[in-house]
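The structure under discussion appears below in the form of structure tokens.
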Amino acid sequence: MSELERWQGRYAATEYVFGEEPNAFLAAQKDLLPKSGKALAVADGEARNGVWLAAQGLDVLSIDFSSNAQDKARALAARRGVTIDLQITDVHAFPYPENTFDVVVEIFTQFSTPDERALKWAGMLRTLKPGGLLLIEGYTPKQLVYKTGGPKELDRLYTREMLETAFGALSKYEIKDYETHMSEGGGHAGMAAVVDLVGWK
Ligand SMILES: C[S@@+](CC[C@H](N)C(=O)[O-])C[C@H]1O[C@@H](n2cnc3c(N)ncnc32)[C@H](O)[C@@H]1O
């Protein structure tokens, strides 16, 4: 089974795999968001995060390769009374046009191999406008102990050092790694080891 088939199968369920509420780290950054502007949500799935960003006044492009996820994203946006742009694409093939987005959000997208991740992160940095806000949350290697979501491959997990190397050129950033209790639908439930980045280009 391909990765796309696997995700299409997960998203065929009627319930929202990661819930309908935004990721807790993202929601906690509410006061840092601009009141208007363009936001890119990378591998946004059923768009719990993209829909929340739109409700904060942002013009959101939500990208993911699963059409089943985006059907549910469309329904969630309609229920919440917001509009988001949805694009079906492989995030490793997306062009990430230069200096385009005021906010770029990447929440739990740890399917990338190291080479794919380098391409994706370079694209995310390129597409952020100068002064734009970058928000990332991912699992750390300790998540292999908790097994409450995320990949099984060590090289897909994020570390503080990895984020510092990739995003050290940001004008300002803060990275936190910690353990927390997650309750995000059936997909992420229980104790988890995560690392977050909040940064400005
Ligand atoms: C763990 S889910 C997280 C979804 C969303 N970011 C959230 O927090 O609710 C990972 C997402 O990556 C998507 N995905 C996996 N590989 C992809 C790829 N190569 N290109 C685009 N999307 C991909 C899946 O369809 C899924 O929606």
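When we follow this note's numbering, the leftmost residue of the sequence shown carries the number 3, and every step to the right adds one.
Where is the CB? At the ideal position from N, CA and C, for every residue including glycine.
In the structure shown, the three-state DSSP call for Thr150 is coil. Residue side-chain check: Glu5 places its Cβ nearer than 8 Å to a non-hydrogen atom of ligand 1. If you look at Tyr175, you'll find it in the beta strand (DSSP E) that goes 174-186. The shortest CA-to-CA distance from Leu42 to any of Pro143, Ser185, Glu181, Asp104 is the one to Asp104.
Look at the beta carbons and you see the stretch 144-153 touching the stretch 190-201: at least three pairs across the two are nearer than 8 Å. In the DSSP annotation of this structure, the continuous segment of the beta strand (DSSP E) that includes Ala41 starts and ends at 40-44. Of the other Cβ atoms in all chains shown, fewer than 16 fall within 10 Å of the Cβ of Thr167; this residue is therefore exposed.
Rounded to the nearest whole angstrom, the CA to CA distance from Thr142 to Arg162 is 9 Å.
The residues Asp61, Phe103, Asp104, in chain order, have a CB closer than 6 Å to that of Lys40 in the same chain once the five nearest residues on each side in sequence are set aside. Within its own chain, the residues whose Cβ lies closer than 6 Å to the Cβ of Leu6, once the five positions on either side in sequence are excluded, are Phe67, listed in chain order.
For the pair of segments examined, the stretch 21-36 was found not to touch the stretch 115-125: the number of CB pairs separated by less than 8 Å stays below three. Annotated as distal: Tyr160 and Ala71, with beta-carbon spacing of 9 Å or more.
Those residues having their beta-carbon less than 6 Å away from any non-hydrogen atom of ligand 1 are, in chain order, Glu5, Trp9, Phe20, Asn25, Ala45, Asp46, Gly47, Arg50, Asn51, Asp66, Phe67, Ser68, Ala71, Asp92, Val93, His94, Ile109, Phe110, Thr111, Phe113. The beta carbons of Leu121 and His94 sit closer together than 9 Å.
For the options Arg76, Ala49, Ala56, the alpha carbon positioned closest to that of Leu35 is the one of Ala56. DSSP places Phe27 in the uninterrupted alpha helix (DSSP H) bounded by 26-30. Ranking Val197, Glu108, Ala171, Tyr175 by CA distance to the CA of Glu181 puts Val197 first.
Annotation for Gln10: no beta strand (DSSP E) segment contains it, though the alpha helix (DSSP H) segment containing it runs 5-13. Counting C-beta atoms within 10 angstroms of its own C-beta, Asn51 has 16 or more neighbours from the protein chains shown and is therefore classed as buried. In the structure shown, the three-state DSSP call for Ser69 is helix.
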